[in-house]
Amino acid sequence: MGWQQVIEQTVVGLGYELVDLERSTGGLLRVTIDWPWDPAEPQERYITVDDCERVTRQLQYVLEVEGVDYKRLEVGSPGIDRPLRQPRDYERFVGEVVDVTLRAPIGAAAGGAVAPGRKKFRGTLRAGEAPGTWQLELLEDEAAPPGGAKPARRRGEPTTVQVLGFTLDEVREARLAPIVDFKGRRARGAAGQG
Numbered sequence: 078m079g080w081q082q083v084i085e086q087t088v089v090g091l092g093y094e095l096v097d098l099e100r101s102t103g104g105l106l107r108v109t110i111d112w113p114w115d116p117a118e119p120q121e122r123y124i125t126v127d128d129c130e131r132v133t134r135q136l137q138y139v140l141e142v143e144g145v146d147y148k149r150l151e152v153g154s155p156g157i158d159r160p161l162r163q164p165r166d167y168e169r170f171v172g173e174v175v176d177v178t179l180r181a182p183i184g185a186a187a188g189g190a191v192a193p194g195r196k197k198f199r200g201t202l203r204a205g206e207a208p209g210t211w212q213l214e215l216l217e218d219e220a221a222p223p224g225g226a227k228p229a230r231r232r233g234e235p236t237t238v239q240v241l242g243f244t245l246d247e248v249r250e251a252r253l254a255p256i257v258d259f260k261g262r263r264a265r266g267a268a269g270q271g
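For the sequence shown, our numbering gives the first residue as 78, with consecutive numbering after it.
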């Protein structure tokens, strides 16, 4: 069993979800954890310092027993720009504003609404009509092509002007958009997840 599987089994065995795992050339192991998503739970749970300490202590023990060579171990929460990697991540954050970078430019499929060479988009994540498909509702400022006319709207209302359909195979990277309100907490989207 490889060191990645050892870490994942340990994290999952403690009741957490492994969000990300990074090993740098300097010997740093960075482990990102979160609570597993349960759509039946009305309130989202947050990772605390105690959670990180618990996972750190267990990983230090397990990595020593397994003989995994590392210099430093960091365990943390995903933060406000949490990566979306698995289909369940997309399901969990439907209704949230996300940043999506495609593997290839959008090309002719843009139909002139956005620059054809564009790969990066920000919008509200929605489930697609077909299983395994997703949509990104681009807001007015994101969808307008350079120098293009913006549609009329009422003051203060974001307007969805284009919907970008995609599959996970087309995504290079996707993250929650790091939107923060003035009180320093992440402003949540229409999904109402905290």
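Glycine included, every Cβ here is placed at the ideal spot set by N, Cα and C.
Being a predicted model, the structure only gives us computed values, none of them experimental.
Given a cut-off of 7 Å on the beta-carbon distance, is the pair residue i and residue j in contact?
i: Thr201; j: Leu136; result: no
i: Val175; j: Val108; result: no
i: Ile183; j: Arg199; result: no
i: Tyr147; j: Gly79; result: no
i: Glu247; j: Leu179; result: yes
Quickly, what does DSSP pair residue i with across the bridge? List them, please.
i: Gln272; result: The first residue shown for the chain is 78 and the last is 271, placing residue 272 beyond what the model contains.
i: Glu250; result: Thr178
i: Pro160; result: Arg252
Over the uninterrupted beta strand (DSSP E) stretch that includes residue i, give me the two end residues.
i: Arg107; result: 105-111
i: Thr87; result: Run containing Thr87: none in the beta strand (DSSP E); it sits in the alpha helix (DSSP H), 80-90.
i: Glu94; result: 94-100
i: Gly153; result: 149-153
Leaving out five residues on either side along the sequence, give the residues of the same chain with a beta carbon under 8 Å from the beta carbon of residue i.
i: Gln81; result: Leu98
i: Pro113; result: Gly92, Tyr93, Glu94
i: Asp111; result: Tyr93, Glu94, Val96, Ile124, Ser154, Pro155, Arg159
i: Arg305; result: Look at the range of the chain in this structure, 78 to 271, and you will see that residue 305 is not part of it.
Nearest-angstrom Cα distance between residue i and residue j?
i: Gly90; j: Asp127; result: 16 Å
i: Ile157; j: Glu141; result: 32 Å
i: Ala181; j: Glu118; result: 37 Å
i: Val139; j: Ala254; result: 34 Å
i: Leu161; j: Asp115; result: 16 Å
i: Val96; j: Ala207; result: 26 Å
i: Ile84; j: Cys129; result: 14 Å
i: Arg131; j: Arg100; result: 20 Å
i: Gly225; j: Pro193; result: Because the pLDDT of Gly225 is 46, which lies under 50, any placement of that residue in the model is unreliable, and the number read from its coordinates should be weighed accordingly. So the alpha carbons of these two residues sit roughly 14 Å apart.
i: Leu106; j: Asp166; result: 23 Å
i: Glu168; j: Arg203; result: 9 Å
Along the chain, where does the alpha helix (DSSP H) containing residue i start, and where does it finish?
i: Asp128; result: 126-143
i: Asp166; result: 164-169
Under 7 Å Cβ to Cβ from residue i, same chain only, skipping five residues before and after it: list those, please.
i: Gly205; result: Trp211, Gln212, Gly242
i: Thr133; result: Leu150, Val152
Looking only at its chain, what residues have a beta carbon closer than 6 Å to the beta carbon of residue i, apart from the 5 residues adjacent to it on each side?
i: Pro164; result: none
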